[in-house]
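Position one of the sequence shown corresponds to residue 172 (our numbering), numbered consecutively onward. A short worksheet on the structure shown next.
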Amino acid sequence: MGVIMLVIGFCFFLFPAKKPNLIYGYPSVLAKKNSQNWRYAQKVNSLLLLVVGFICAGIGFLLKETGNTNYFIAEMLLIPLPIIGVFAGTEELLQRFDRRHAAKEAER
């Protein structure tokens with residue numbers, strides 16, 4: 172799972188989605204609000220995918236190398252947690268970004 176997240180993270184990092192769409196990129200309602208939010212969401216989501224992907228891949232590698240295959244089953248059952256963490260983290264950072272951006276616009 173970690174390797175898959177790494178591949179997706181690298182793709183999103185190297186080739187971020189230019190415009191909002193449902194197929195490629197991070198398409199939340201807040202991300203689609205404006206172009207600044209969209210670009211920021213793509214950047215943050217790709218970085219979080221890379222970080223979590225490295226962590227998951229590292230855990231998987233260590234479990235395999237140490238022969239703890241019983242824990243591999245636990246890792247497979249816990250797959251939704253890092254994915255939820257990536258989405259929750261992206262949304263949290265995007266909300267902060269949007270509030271800062273809205274405050275700057277209100278000052279003008």
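A virtual CB, placed ideally from N, CA and C, is assigned to each residue, including glycine.
So does Cys182 have its beta carbon nearer than 6 Å to some heavy atom of the ligand COA?
No copy of the ligand COA occurs in the structure displayed, which carries no ligand at all.
Between Val215, Phe225, Arg210 and Gly173, which lies nearest to Ala259 when the distance is taken from Cα to Cα?
Among Val215, Phe225, Arg210 and Gly173, the Cα nearest to that of Ala259 belongs to Val215.
Does DSSP put Phe181 in a helix, a strand or coil?
Reduced to three states, the DSSP call for Phe181 is helix.
Got a sec, what are the start and stop residues for the alpha helix (DSSP H) Asn216 sits in?
First-last of the alpha helix (DSSP H) with Asn216: Ser206 to Thr237.
Taking only beta-carbon positions, decide if Ala228 is within less than 7 Å of chain B.
Protein chain content of the structure displayed is limited to a single chain, and chain B is not contained in it.
So the candidates are Ala202, Leu219, Leu193 and Gly229; which of them puts its Cα closest to the Cα of Gly180?
For the residues Ala202, Leu219, Leu193 and Gly229, the minimum Cα distance to Gly180 belongs to Leu219.
Quick check: the Cα distance between Gly196 and Glu246, rounded to an integer number of angstroms?
Each residue's alpha carbon lies about 26 Å from the other.
If you drop the 5 nearest sequence neighbours on each side, which residues of the same chain put their C-beta closer than 8 Å to that of Asn175?
The residue asked about is misnamed: residue 175 is Ile in this sequence, not Asn. Excluding positions up to five away in sequence, the list reads Gly224.
Quick one: Cα of Glu278 to Cα of Glu262, how far?
Glu278 and Glu262: Cα-Cα distance of roughly 24 Å.
By a C-beta neighbour count over all protein chains shown, 10 Å radius and 16 as the cutoff for buried, is Cys227 buried or exposed?
When all chains shown are included, Cys227 counts as buried.
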